[in-house]
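For the sequence shown, the residue numbers in the numbering used here are 147 to 411. The C-beta atom is built at its ideal place from N, Cα and C for all residues, glycine as well. Quick notes on the structure that follows.
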Amino acid sequence: MGTATDYVLEELRLFRTGLGLSQEDFGKGIGYSGSHVSSVETGGRAPTREFMRAVDGCHETGGRFQRMLERLGRLDAEPAWLREWIEFEREATTLRWFEMTYVPGLLQTERYARATLAGGRFAAEDVDRIVASRLERQAILRRERPPQLICVIDEAVLRRPVLDQPGLMIEQCEHLARLTAEEHVQVHVVPTDAGMYLGLGGQFIIAEMPDGERVAYADNQLTAQIVDAPTDVASLARTWEIVRNEALPRRQSIELIEEVAKSWT
147 MGTATDYVLE
157 ELRLFRTGLG
167 LSQEDFGKGI
177 GYSGSHVSSV
187 ETGGRAPTRE
197 FMRAVDGCHE
207 TGGRFQRMLE
217 RLGRLDAEPA
227 WLREWIEFER
237 EATTLRWFEM
247 TYVPGLLQTE
257 RYARATLAGG
267 RFAAEDVDRI
277 VASRLERQAI
287 LRRERPPQLI
297 CVIDEAVLRR
307 PVLDQPGLMI
317 EQCEHLARLT
327 AEEHVQVHVV
337 PTDAGMYLGL
347 GGQFIIAEMP
357 DGERVAYADN
367 QLTAQIVDAP
377 TDVASLARTW
387 EIVRNEALPR
397 RQSIELIEEV
407 AKSWT
């Protein structure tokens, strides 16, 4: 991590030791394990807004550490929430990803990634930067020891046309089918005839870290939220299990993806 981040973490360590608390006792007070506190203090995992909010709330700091994190975010080219998540994504051993609107970013082609940003919300230079960052993140799937990526997507994602982009969806579906042949990539499709189900409440990702702890990500039209409070992550994990049970098995999902790809020709 950079110098600015190191400064924030040093302030956090000094604050804890000034209270005379061990990492374990400090963690109990804010609802996190001692190993989690240790990992944050040593730079092993990025500090999140939830973590800093818990520190400020427990010790009545007047929002000191949340402000520091917000200022830290302004020093980076990427938004703070995205920078935080990319750190977790790189370290994760398993990623469980639910999408009801788009193909998951780690599985997108460049053309498809650009299409998701169309509509005038972003300037051309911002689109180039976001797409480049998204494609760079996909490198984790090509490394020697990649994370296990398990995705559940709604069938509508495969069948939604991209207007004025001939060939884009067949390219994306074929790309998706090729990736699912990899042992470390699983894609499961919730068929249309499943009707309404719990996952329609919104997209989310759960990352399992090397130490066994989990952190989650959820977003909306305006921003995204990194969730690492154990009770909240456990709630999302229960939702994941329900959504996963609505999806087709891996082999049937691949067959459906291939069938949809042919339908775009």
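- Per the DSSP secondary-structure output, tyrosine 363 pairs in a beta bridge with Ile351 and Ile372.
- Scanning the stretch 266 to 329 for uninterrupted beta strand (DSSP E) segments of 3 residues or longer gives 294 to 300, listed from N- to C-terminal end.
- Within the model, the alpha-carbon separation for threonine 239 versus glycine 190 is close to 14 Å.
- In the structure shown, the three-state DSSP call for tryptophan 243 is strand.
- For tryptophan 231, the closest C-alpha among the options Val273, Gly180, Ile388 and Arg283 is that of Arg283.
- Excluding sequence positions up to five before and after arginine 280, its CB lies within less than 6 Å of the CB of Gly251 and Ala259, all in the same chain and listed in chain order.
- As the crow flies, the alpha-carbon of glycine 313 is around 8 Å from that of threonine 411.
- For glutamine 169, the three-state secondary structure derived from DSSP is helix.
- Taking a contact as a CB-CB distance under 8 Å, the pair isoleucine 372 and valine 333 does not count as one, their CB atoms being some 24 Å apart.
- In the structure shown, valine 389 falls within a helical segment according to DSSP collapsed to helix, strand and coil.
- Of Ile403, Glu187 and Leu158, the smallest CA-CA separation from alanine 327 is found for Ile403.
- By the 16-neighbour rule on beta-carbons within 10 angstroms, cysteine 204 is exposed.
- Here glutamine 212 is not near arginine 229, since their CB atoms are 8 Å or more apart.
- For glutamine 332, the enclosing beta strand (DSSP E) stretches over residues 331 to 336.
- Under the three-state reduction of DSSP output, glycine 341 falls in the coil class, being neither helix nor strand.
- In this structure, the CA atom of alanine 302 is about 12 Å from the CA atom of glycine 341.
- As the crow flies, the alpha-carbon of leucine 165 is around 38 Å from that of threonine 385.
- Between arginine 242 and isoleucine 351, the gap from beta carbon to beta carbon is short of 8 Å.
- Only buried fits glycine 345, as 16 or more other CB atoms lie within 10 angstroms of its CB.
- Where glutamine 398 is concerned, the enclosing alpha helix (DSSP H) starts and stops at 396 to 409.
- For glutamate 196, the enclosing alpha helix (DSSP H) begins and ends at 195 to 205.
- Inclusion of serine 409 and valine 335 in the CB contact set at 8 Å is not warranted, their separation being larger than that value.
- DSSP, reduced to helix, strand and coil, places glutamine 212 within a helical segment of the structure shown.
- Looking at Cys297, Val201 and Leu263, the one whose alpha-carbon comes closest to that of proline 395 is Cys297.
- C-alpha of serine 381 to C-alpha of leucine 263: approximately 30 Å in a straight line.
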